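So the sequence shown is residues 37 to 347, counted in my numbering. Okay, structure first, notes after.
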Amino acid sequence: MMKHYSVLLHESIDNLAIHSDGIYVDGTLGRGGHSAEILARIPQGHLYAFDRDASAIEESRERLAQIGDNVTLIHSNFSNLKRELTARGVTGIDGMVLDLGVSSPQFDEAQRGFSYRFDAPLDMRMDQSQKLSAYQVVNEWEYQELVRIFFQFGEESFAKQIARKIEKAREVKPIETTFALVDVIKSALPAKVLNKKGHPAKKVFQAIRIAVNDELGELQLVLRDALELLHVGGRLCVISFQSLEDRIVKDTFSSCSKPKQYDKRIPILPQDMEAAPYRLLNKKPITATEEELRENMRSHSAKLRCIERIR
């Protein structure tokens with residue numbers, strides 16, 4: 037298994053401007069890289085770390101226990117942030133970090149079915165206890181629904197052709213493995229696309245994974261609740277790896293960092309205008325340094341955006 041790196045680790049944690057006695061949240065525990073860094077900086081504070089993947093919780097438990105006991109590990113989706121914290125008596129936080137998408141270990145564990153690099157059962161569930169898997173999406177969803185997710189979540193130009201090939205293939209027998217799906221995808225694409233750089237199944241696999249885990253819907257929910265929970269001076273840092281996620285983060289941050297809009301026909305003095313409750317910490321996303329790019333291929337597509345509550 038490949039060595040796991042936490043992408044944009046120092047950039048994201050430094051932008052949290054951590055207080056030693058603060059309350060912080062890692063919404064995507066993974067293998068604990070960001071959590072470990074936060075925990076080391078809050079000897080009098082507390083960390084709440086979420087992950088929908090039970091294996092991530094168990095693998096991080098010992099590592100974090102060696103740093104401090106002021107951490108609560110929560111096996112739940114980050115979209116349940118407000119409910120889970122409220123149940124523990126937490127009504128506000130000083131900062132939160134989100135490292136979106138699939139973690140490197142999940143990609144490297146062939147049996148999880150996230151990667152087109154390994155032959156494995158079609159799965160792609162981040163939470164192994166949920167019912168919907170990639171198998172159901174590929175073999176049971178209607179043609180029009182497949183076209184929609186391939187185009188909307190994968191930005192795949194050949195969405196219709198691929199969906200039609202899938203529909204025909206599963207009439208003969210179920211598409212059960214990642215390699216079987218890759219073969220069907222390839223059969224739908226013209227030679228000029230197959231010969232291009234990059235894997236021909238990448239966009240479709242991304243689309244199915246996003247649909248299985250409702251990644252974009254969950255992201256919208258957690259952004260809303262995290263911004264609401266932030267104390268004044270609290271910060272939210274989000275690392276995204278593809279344009280759909282980044283667009284949601286960018287648009288959400290942009291809208292809540294603008295002053296209230298007034299009807300131009302209504303006379304109002306500047307000092308009476310309601311200021312924006314949040315401010316952007318970086319107008320353009322922070323990306324990986326040359327050094328990190330050399331060490332970690334996954335960091336090439338990473339973008340970090342940060343926002344602070346100011347009122």
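Each residue gets a CB set at the ideal place from its N, CA and C atoms; glycine is no exception. If you're wondering where the values come from, they're calculated on a predicted model, not measured in any experiment.
Per the coordinates, the alpha-carbon of Phe-86 lies some 9 Å from the alpha-carbon of Gly-66. With three or more CB-CB distances shorter than 8 Å, the region 78 to 85 counts as touching the region 105 to 117. Linking Arg-88 to Glu-207 through their CA atoms gives a straight-line distance of about 34 Å. The way I'd put it, the region 313 to 321 doesn't touch the region 244 to 258; fewer than three beta-carbon pairs between them come closer than 8 Å. Here Glu-98 is actually not in contact with Ile-322; their C-beta atoms are around 31 Å apart, not less than 8 Å. DSSP, read as helix, strand or coil, puts Glu-344 in strand.
DSSP places Ala-85 within a strand segment (E or B) once states are collapsed to three.
Counting only runs of 4+ residues, the alpha helix (DSSP H) found wholly inside the region 92 to 145 occupies 117 to 123, 140 to 144, in chain order. Beyond the five residues adjoining it in sequence on each side, Leu-230 comes within less than 7 Å, by CB distance, of Lys-222, Pro-236 in the same chain, given in chain order. For the 7 Å CB-CB criterion, Ser-335 and Val-43 form a contact. Cα atoms of Glu-310 and Thr-288: separation of roughly 19 Å, rounded to the nearest angstrom.
If you look at Ile-322, you'll find it isn't in any beta strand (DSSP E); DSSP assigns it neither H nor E. DSSP links Leu-182 through a beta bridge to no other residue. Note that the C-beta distance between Ile-110 and Glu-94 is not below 7 Å. Counted as a single uninterrupted DSSP element, the beta strand (DSSP E) harbouring Gly-269 occupies residues 266 to 276.
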